[in-house]
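Q: Numbering follows my numbering, in which position 362 of the sequence shown is assigned residue number 362; successive positions increment by one, without gaps. For every residue, glycine included, the Cβ atom is placed at its ideal position computed from N, Cα and C.
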Amino acid sequence: MSEAVVPTVTEAADAVASTGPFESVDQVIETLREQGYIADTRLATTVFLLTRLDKPLLLEGPAGVGKTELAKMLAVATGRRLLRLQCYEGQDETKALYEWDYGKQLMYTQILREKIGQLVEDAPDLASAVDRIGSQESVFFSERFLAPRPLLEAIRSEQPVVLLIDEVDRADEALEAVLLETLGEFQISVPEIGTFVAEQRPYVLLTSNNTRDLAAALKRRCLHLFLDYPSASRELEIVKSKKTGLSDQLAEELVNVVRGLRELELRKSPSISETIDWARTLAVLGVDELSSQILSDTVSVVVKYDKDVKKALDALPRLVDPNAVVDDHGHGHGHGHGHGHDGDHDHDTPAPRATARHDDPDDGDVDGRGKRTGKDNAGRHHDGYGNKAAAGNPNAQQKVRSVTPGQGARSFGGSRKRPV
Numbered sequence: 001m002s003e004a005v006v007p008t009v010t011e012a013a014d015a016v017a018s019t020g021p022f023e024s025v026d027q028v029i030e031t032l033r034e035q036g037y038i039a040d041t042r043l044a045t046t047v048f049l050l051t052r053l054d055k056p057l058l059l060e061g062p063a064g065v066g067k068t069e070l071a072k073m074l075a076v077a078t079g080r081r082l083l084r085l086q087c088y089e090g091q092d093e094t095k096a097l098y099e100w101d102y103g104k105q106l107m108y109t110q111i112l113r114e115k116i117g118q119l120v121e122d123a124p125d126l127a128s129a130v131d132r133i134g135s136q137e138s139v140f141f142s143e144r145f146l147a148p149r150p151l152l153e154a155i156r157s158e159q160p161v162v163l164l165i166d167e168v169d170r171a172d173e174a175l176e177a178v179l180l181e182t183l184g185e186f187q188i189s190v191p192e193i194g195t196f197v198a199e200q201r202p203y204v205l206l207t208s209n210n211t212r213d214l215a216a217a218l219k220r221r222c223l224h225l226f227l228d229y230p231s232a233s234r235e236l237e238i239v240k241s242k243k244t245g246l247s248d249q250l251a252e253e254l255v256n257v258v259r260g261l262r263e264l265e266l267r268k269s270p271s272i273s274e275t276i277d278w279a280r281t282l283a284v285l286g287v288d289e290l291s292s293q294i295l296s297d298t299v300s301v302v303v304k305y306d307k308d309v310k311k312a313l314d315a316l317p318r319l320v321d322p323n324a325v326v327d328d329h330g331h332g333h334g335h336g337h338g339h340g341h342d343g344d345h346d347h348d349t350p351a352p353r354a355t356a357r358h359d360d361p362d363d364g365d366v367d368g369r370g371k372r373t374g375k376d377n378a379g380r381h382h383d384g385y386g387n388k389a390a391a392g393n394p395n396a397q398q399k400v401r402s403v404t405p406g407q408g409a410r411s412f413g414g415s416r417k418r419p420v
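1. Straight-line CA distance for residue 276 to residue 287?
2. With a threshold of 8 Å, are at least 3 pairs of Cβ atoms found where one atom belongs to the segment 202-211 and the other to the segment 160-175?
3. Considering only C-alpha positions, which residue in the set 255, 184 and 152 is nearest to residue 194?
4. Hey, quick one: how far does the beta strand (DSSP E) through residue 85 stretch, first residue to last?
5. Taking the C-alpha atoms as reference points, what is the distance between residue 240 and residue 213?
6. Is the beta carbon of residue 58 closer than 9 Å to that of residue 223?
7. Between which two residues does the beta strand (DSSP E) containing residue 244 stretch?
8. At what residues does the alpha helix (DSSP H) containing residue 317 begin and finish?
9. For residue 198 and residue 220, what's the separation of their Cα atoms in angstroms?
10. Using three-state DSSP, classify residue 128 as helix, strand or coil.
11. Whole angstroms is fine: what's the gap from residue 50's alpha carbon to residue 305's?
12. Count the other C-beta atoms from every protein chain shown that fall within 10 angstroms of the C-beta of residue 19, then say buried if there are 16 or more, exposed otherwise.
13. Nearest CA to the CA of residue 303: which residue from 216, 282, 281 and 267?
14. Please report the Cβ distance between residue 60 and residue 226, rounded to the nearest whole angstrom; I am assuming they are in contact, meaning their Cβ atoms lie under 8 Å.
15. Tell me which same chain residues have a C-beta within less than 8 Å of the C-beta of residue 255, skipping the five on either side of it?
16. Could you tell me the alpha carbon to alpha carbon distance between residue 317 and residue 247, rounded to whole angstroms?
17. Below 7 Å CB to CB, which residues in the same chain sit around residue 217 once its five sequence neighbours on both sides are set aside?
18. Contact check, residue 315 vs residue 282 under 8 Å by CB: the rounded distance?
19. Is it the case that the segment 70-90 contacts the segment 111-129, given that we only count it when at least three CB pairs across the two stretches are under 8 Å?
20. Compute the distance between the beta-carbons of residue 25 and residue 80, then report whether it is under 9 Å.
21. Could you tell me which of 87, 21 and 99 sits nearest to residue 175, measuring between CA atoms?
22. Residue 173: which of 300, 91, 285 and 43 sits nearest, CA to CA?
23. Rounding to the nearest angstrom, what Cα-Cα distance links residue 27 and residue 143 in this structure?
24. Just list the residues that DSSP pairs residue 197 with in beta bridges.
25. Going straight from the alpha carbon of residue 332 to that of residue 40, what length do you get?
26. Would residue 421 be called buried (16 or more neighbouring beta carbons within 10 Å of its own) or exposed?
27. Could you name each continuous alpha helix (DSSP H) segment of 4 residues or more that falls completely within the segment 259-285, going from the start of the chain to the end?
28. Locate the alpha helix (DSSP H) running through residue 150, then write down its first and last residues.
29. Return the CA-CA distance between residue 196 and residue 189, expressed in angstroms with no decimal places.
30. Going by C-alpha distance, which of 290, 297 and 273 is nearest residue 64?
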């Protein structure tokens, strides 16, 4: 019996090194830069490890810092097709994994009605007829009638792909459990058929706006990187790389203004892409000098909520020039109509509280930290328990009842509350 040949550590490392599209971290930086994506060494190192270790990458951070864009640029840089699973609340596994094409199954049943009749025409009784049809049911639960969704499509693809699982924190925890097999083993089990194992392992990137904590089992299967807003110099480099038409000096001033806006208590902080849009807007207007007036007139490009607009308008003169004064031409509620307000609400109806708006499931890009903070406000439910005014006494003060651990255990059976 011949002895098994065990590769050395160096040989194993060389084998791994020969499988990646990038030879070094520096090549990752350069290749992404050619596609218009400016990555620092830390991010480039993580991407390099993603391509060598065959592990998914979980990117967490505020909305608009380039998490989704990284997946797109990685697909372009490596020549792979991009498959995207956009997560949302209430999403079930059929929208992520696969589902059966019932319409197609029904059509085939109608077409083959004659054949089915021939199959059971000499059956002595109903039970025998059912058994004969049952023996053929695998025909209708085969790959012919399987409708793959992004996860299964990525596993079955004959060509390597980049799989983007976007905003996974928006999905329910049940979907996280579904992802474990795919992310850990690069396989998907279909009970009626069997297990599909990826022949070409995809590059998998998951993004999260950090609106809730993800399961430890999910994080354990992934490389992890928190992607925050870049430094001023790197953001300026990003803006310049997009060739917005704005001069370098004004671009630098604009980046500093945007960074000042991010320090405000805004519902939605300006993203990097919105900084680029603002630079292009000012270039189109032919601006050759930044002033608080022109920035106030165009602030809706980066600030999208009425209360945020008011805060930004108050801060802009200070951010541009502490001695500058903005002319009063209707800032406030009326001015908000020119800054992204839809104008379809009742002026006599008071605006909803900001904390309630943080929980709006229809928000596109959400500020995860703001949303989580809003959910920690005591007594935030206007008509909830402990609110005497909601019980018909408008003069009573709102009171939040405290619940002892014993009361909680008796009321809810000691079950752990599911994280939001």
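A: The structure says:
1. As a working mapping, residue 276 is identified with position 276 in the sequence shown. As a working mapping, residue 287 is identified with position 287 in the sequence shown. The C-alpha of residue 276 lies about 15 Å from the C-alpha of residue 287.
2. The answer is yes - the segment 160-175 touches the segment 202-211, with three or more Cβ pairs under 8 Å.
3. Taking the sequence shown and counting its residues from 1, the one referred to as residue 194 is at position 194. The candidate whose alpha carbon is nearest that of residue 194 is 152.
4. Within the sequence shown, the letter at position 85 stands for residue 85. Where residue 85 is concerned, the enclosing beta strand (DSSP E) stretches over 81-86.
5. Counting from 1 along the sequence shown, the entry for residue 240 is found at position 240. Counting from 1 along the sequence shown, the entry for residue 213 is found at position 213. Between residue 240 and residue 213, the C-alpha separation is close to 35 Å.
6. Your numbering for residue 223 matches position 223 in the sequence shown. Your numbering for residue 58 matches position 58 in the sequence shown. Contact: yes.
7. What you label residue 244 is simply residue 244 of the sequence shown in a count that begins at 1. Run containing residue 244: none; DSSP gives neither H nor E here.
8. If you number the sequence shown from 1, residue 317 lands on position 317. First-last of the alpha helix (DSSP H) with residue 317: 306-320.
9. Locating residue 198 in the sequence shown gives position 198, counting from the first residue. Locating residue 220 in the sequence shown gives position 220, counting from the first residue. For residue 198 and residue 220, the distance between alpha carbons rounds to 20 Å.
10. For the purposes of this step, residue 128 is taken as the residue at position 128 of the sequence shown. Residue 128 falls in the helix class under three-state DSSP.
11. In the sequence shown, the residue the question calls residue 50 occupies position 50. In the sequence shown, the residue the question calls residue 305 occupies position 305. One alpha carbon belongs to residue 50, the other to residue 305, and they sit about 37 Å apart.
12. Position 19 of the sequence shown, counting from 1, holds the residue named residue 19. Residue 19 should be labelled exposed.
13. Counted from its first residue, the sequence shown places residue 303 at position 303. Checking every option, the nearest Cα to that of residue 303 belongs to 267.
14. Residue numbering aside, residue 60 sits at position 60 when the sequence shown is read from its first letter. Residue numbering aside, residue 226 sits at position 226 when the sequence shown is read from its first letter. Their Cβ separation, rounded to whole angstroms, is 5 Å, which keeps residue 60 and residue 226 in contact under 8 Å.
15. Position 255 of the sequence shown, counted from the first residue, corresponds to residue 255. By the criterion of a C-beta distance shorter than 8 Å, residue 255 is surrounded in its chain by 232, 235, 236, 239 and 275, once the five residues flanking it on both sides are discounted.
16. Here residue 317 corresponds to residue number 317 of the sequence shown, with the count starting at 1. Here residue 247 corresponds to residue number 247 of the sequence shown, with the count starting at 1. The C-alpha of residue 247 is placed about 21 Å away from the C-alpha of residue 317.
17. On the sequence shown, residue 217 is found 217 positions in, with the first residue counted as 1. If we look at residue 217 and ignore the five residues flanking it on each side, its Cβ neighbours are 180.
18. For the purposes of this step, residue 315 is taken as residue 315 along the sequence shown, with counting starting at 1. For the purposes of this step, residue 282 is taken as residue 282 along the sequence shown, with counting starting at 1. At roughly 18 Å, the Cβ-Cβ gap does not stay under 8 Å, so residue 315 and residue 282 are not in contact.
19. Fewer than three Cβ pairs drawn from the segment 111-129 and the segment 70-90 lie within less than 8 Å of each other, which leaves the two stretches out of contact.
20. Locating residue 25 in the sequence shown gives position 25, where the first residue counts as 1. Locating residue 80 in the sequence shown gives position 80, where the first residue counts as 1. Going by C-beta atoms, residue 25 is not nearer than 9 Å to residue 80.
21. In the sequence shown, the residue the question calls residue 175 occupies position 175. Nearest C-alpha to residue 175: 87.
22. Within the sequence shown, residue 173 is the residue found at index 173, counting from 1. Checking every option, the nearest Cα to that of residue 173 belongs to 91.
23. Position 27 of the sequence shown, counted from the first residue, corresponds to residue 27. Position 143 of the sequence shown, counted from the first residue, corresponds to residue 143. Here the alpha carbon of residue 27 sits roughly 40 Å from the alpha carbon of residue 143.
24. As a first step, residue 197 must be located in the sequence shown, where it is residue number 197. According to DSSP, which records beta bridges pairwise, residue 197 is partnered with 187.
25. The residue given as residue 332 occupies position 332 in the sequence shown. The residue given as residue 40 occupies position 40 in the sequence shown. Low local confidence applies: a pLDDT of 42 at residue 332 is under 50, so the model's placement there is unreliable, and no value is given.
26. Within the shown structure, residues of the chain are numbered from 1 to 420, placing residue 421 beyond reach of any answer.
27. Counting whole runs of 4 or more residues, the segment 259-285 contains the alpha helix (DSSP H) stretches 272-284.
28. Indexing the sequence shown from 1 puts residue 150 at position 150. It spans 150-156 - the alpha helix (DSSP H) in which residue 150 sits, taken as one unbroken run.
29. Taking the first residue of the sequence shown as position 1, residue 196 is located at position 196. Taking the first residue of the sequence shown as position 1, residue 189 is located at position 189. Cα-Cα distance, rounded: 6 Å.
30. The residue labelled residue 64 in the question sits at position 64 within the sequence shown. For residue 64, the nearest C-alpha among the options comes from 273.
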